[in-house]
Amino acid sequence: MTLRNMRCPAPSTVALLCALASSPAWQSAHGQTGLKVLIAVDMEGITGVVNPGQFSQTTGFEYERFRKFMTDEAFAAVLGAREAGATEIVVVDSHGNGDNLLIERFGPDTKIVRSWPRPNGMMHGIDSTFAAAVLIGYHASTNSTLGIRAHTITGMGFTSVDLNGRPMSESSLGAAIAGHFGVPVVTISGDDSAAAELKRLIPNVETAVVKSPISFNAGITLSPEAGQALVRAAVREGVRRRREIAPFRVSTPVQLDLTLRSIQTAELLAYLNGVKRIGARTIRYAARDLPDVSRFLQFVVHYRLDLNP
107 MTLRNMRCPA PSTVALLCAL ASSPAWQSAH GQTGLKVLIA VDMEGITGVV NPGQFSQTTG
167 FEYERFRKFM TDEAFAAVLG AREAGATEIV VVDSHGNGDN LLIERFGPDT KIVRSWPRPN
227 GMMHGIDSTF AAAVLIGYHA STNSTLGIRA HTITGMGFTS VDLNGRPMSE SSLGAAIAGH
287 FGVPVVTISG DDSAAAELKR LIPNVETAVV KSPISFNAGI TLSPEAGQAL VRAAVREGVR
347 RRREIAPFRV STPVQLDLTL RSIQTAELLA YLNGVKRIGA RTIRYAARDL PDVSRFLQFV
407 VHYRLDLNP
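Mapped onto our numbering, the consecutive letters of the sequence shown carry residue numbers 107 to 415.
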């Protein structure tokens, strides 16, 4: 047993040495590197969430209850990552206004990305120093015929998001951004449709299926306690198996085809350099790489003429 891996006892000299050995600074000084994990958290795929009553920040009569469940599920993922050896964790709040998670629940080893806009969107913070990425509370894509609250990025804005001719979900976009930096997505949680979509791209990704769709606004769900236990175990196993799961890579340059609900939005976006209108509601953007794709999508989603400082 090494000092780095030993279990810390009650406060003592040995316990202090153990805590020192687990710090990134100590590991770096002794030729050891920490294990960094990014955990992106959405809400529609959280256990029990089936309609806007749970996830809408403006009209959801159960939102305050379910943001606690979202926080608990994210924290379960943190615990699973720690149990697999993670020493540094970044949690990315990626639902709605990006300010859902109760940040006081997380420990000093965890940093939290909040609010919008941010260049790498739901995966902001990811870079090549991370060993693994995890997707919690994810849902199926806008192309899905069966998935609870299935959409891609914005249910009100986009009817299709394609990269190099492939329809994308939020999970596959996240995996592609992580893959750009050589980082594998090792675990996804959500309904069975969301899990199946990502598994088609990453066959050995760990999944935590916490509910099954009945319709767009209905499903059969585990209890929050059972969902959190399942998430914790799946994240622990995914991070443990990270070297067996290859990063999902998209070839560059990247062709982004974006189909919008609004004809006028498509018309106006085609005024931008690098953007062509290829259908009444579809534009094509020639991107250098996945971060470039992400920045363009952030612009489309967040830009308004009446933005204030």
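Glycine included, each C-beta is placed from N, C-alpha and C at the ideal position.
Open item on the list: Here's the rule I'm using: 16 or more other beta-carbon atoms within 10 Å means buried, otherwise exposed. How should L396 be labelled?
Closed with: buried
- [ ] Could I get the ranges of all uninterrupted alpha helix (DSSP H) runs contained in the segment 256 to 305, with 4 residues as the minimum, in chain order?
- [x] 276 to 286
TODO: May I have the straight-line CA-CA distance separating S266 from A237, to the nearest angstrom?
DONE: 30 angstroms
Open item on the list: Threshold first: 3 residues or longer. Then list the beta strand (DSSP E) segments lying entirely within the segment 344 to 406, N to C.
Closed with: 360 to 366, 381 to 383, 388 to 393
Task: For F264, the nearest candidate out of A187, N270, S275 (CA to CA) - done: S275
TODO: Verify whether the separation of the beta carbon atoms of L304 and V315 is less than 7 angstroms.
DONE: no
- [ ] Let me know the secondary structure DSSP gives Y244 once reduced to three states.
- [x] strand
Open item on the list: Quick check on this structure: which residue in E343, T371, R410, M176 has the alpha carbon closest to the alpha carbon of A187?
Closed with: E343
Open item on the list: According to DSSP, simplified to helix, strand and coil, what is G137?
Closed with: Annotation note: pLDDT 41 at G137 (below 50); position unreliable, coordinate value reported separately. Coil.
Open item on the list: Rounding to the nearest angstrom, what Cα-Cα distance links A183 and M262 in this structure?
Closed with: 29 angstroms
Task: Closest by C-alpha distance to H230, when choosing among P158, V143, L413 - done: V143
- [ ] Quickly, what does DSSP pair T216 with across the bridge? List them, please.
- [x] I195
Open item on the list: Helix, strand or coil for V155? Go by DSSP, reduced to three states.
Closed with: coil
Open item on the list: Let me check understanding here. Comparing Cα to Cα, which of G140, F175, T164 lies closest to M149?
Closed with: F175
TODO: For V316, name the three-state secondary structure that DSSP assigns.
DONE: strand
TODO: Would you give the residue range spanned by the beta strand (DSSP E) that L144 belongs to?
DONE: 142 to 147
Task: Straight-line gap, L374 to T327 (C-alpha atoms, nearest Å) - done: 42 angstroms
- [ ] Can you tell me which of the three DSSP states T235 falls into?
- [x] coil
Task: Limits of the alpha helix (DSSP H) - the one that T419 falls within - done: Outside the modelled stretch of the chain, which goes from 107 to 415, sits residue 419, for which no answer is possible.
Open item on the list: Taking a contact to mean a Cβ-Cβ separation below 7 angstroms, would you say G202 touches S400 in this structure?
Closed with: no
TODO: Can you grab the Cα-Cα spacing for the pair L366 / G140, in whole Å?
DONE: 42 angstroms
Task: First and last residue of the uninterrupted alpha helix (DSSP H) at L185 - done: 169 to 189
- [ ] Would you check if the distance between the CB atom of S299 and the CB atom of A246 is smaller than 7 angstroms?
- [x] yes
TODO: Please check the pair A352 and P290, which I expect to be a contact at CB under 8 angstroms, by giving their CB distance rounded to whole angstroms.
DONE: 6 angstroms
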